Amino acid sequence: MANETHDLATSYIKAVGEHRLDALPAMLEPDVEFTLGDNTVRGIEAFVGAFQRLMPIVLRNDIRKVFVDGDEACVLYDFVTDSPAGAVLSVEHMKFRNGRLVSTLLVFERLHWPKALAALAEREARQSTSA
1 MANETHDLAT SYIKAVGEHR LDALPAMLEP DVEFTLGDNT VRGIEAFVGA
51 FQRLMPIVLR NDIRKVFVDG DEACVLYDFV TDSPAGAVLS VEHMKFRNGR
101 LVSTLLVFER LHWPKALAAL AEREARQSTS A
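Here full-length UniProt numbering is used: position 13 in the sequence shown is 13, and no number is missing along the way.
Encoded structure:
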């Protein structure tokens with residue numbers, strides 16, 4: 001099971017980093033939960049939507065280390081952006097059920113994440129004024 005969990009976790013992280021959000025629904029349980037800080041979204045559509053918003057700044061995800069315990073994985077990776085933040089160290093704790101992601105808790109490095117969000121907000125503002 002450890003190898004399967006490792007492969008599921010890395011496939012998910014890579015899909016997001018490679019902008020392959022269309023691959024995510026097949027990896028997710030219908031009742032999937034995504035938690036970032038004090039915000040939790042539920043369901044496949046909301047889960048994928050949370051990542052769609054970030055795609056304008058995402059270059060890739062560089063996986064540093066994967067820890068597996070049964071049907072749970074913790075992935076340490078660099079969330080590499082094209083914003084002034086550059087690479088943002090991230091940790092994601094995932095739980096799987098029936099070979100699909102059922103919940104994830106994402107934690108970003110506090111020092112650089114605000115710079116990434118500021119760049120994203122600036123791009124969204126430019127896009128809305130040019131539309």
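Even glycine gets a Cβ: it sits at the ideal position worked out from N, Cα and C. Owing to the predicted nature of the structure, the values given are computational and were not obtained by experimental measurement.
The alpha carbon of Ala87 has as its nearest neighbour, out of Thr35, Ala116 and Arg126, the alpha carbon of Ala116.
Bounds of any beta strand (DSSP E) do not take in Glu109, whose DSSP letter is neither H nor E. With contacts defined by Cβ atoms closer than 8 Å, Glu4 and Gly99 form a contacting pair. As for any alpha helix (DSSP H) of minimum length 4 sitting wholly inside the UniProt domain "SnoaL-like" (10-103), the runs are 44-54, ordered along the chain.
With fewer than 16 other Cβ atoms from the protein chains shown falling within 10 Å of its own Cβ, Leu76 counts as exposed.
In this structure Thr40 is exposed. Its beta-carbon is surrounded by fewer than 16 other beta-carbon atoms within 10 angstroms. Listed in chain order, the non-local C-beta contacts of Val16 below 8 Å within the same chain comprise Leu24, Phe51, Val58 and Asn61, local neighbours out to five positions each way being set aside. The residue among Ser128, Thr10 and Ser130 with its C-alpha nearest the C-alpha of Val68 is Thr10. Going by C-alpha positions, Ala73 is about 13 Å away from Ile63.
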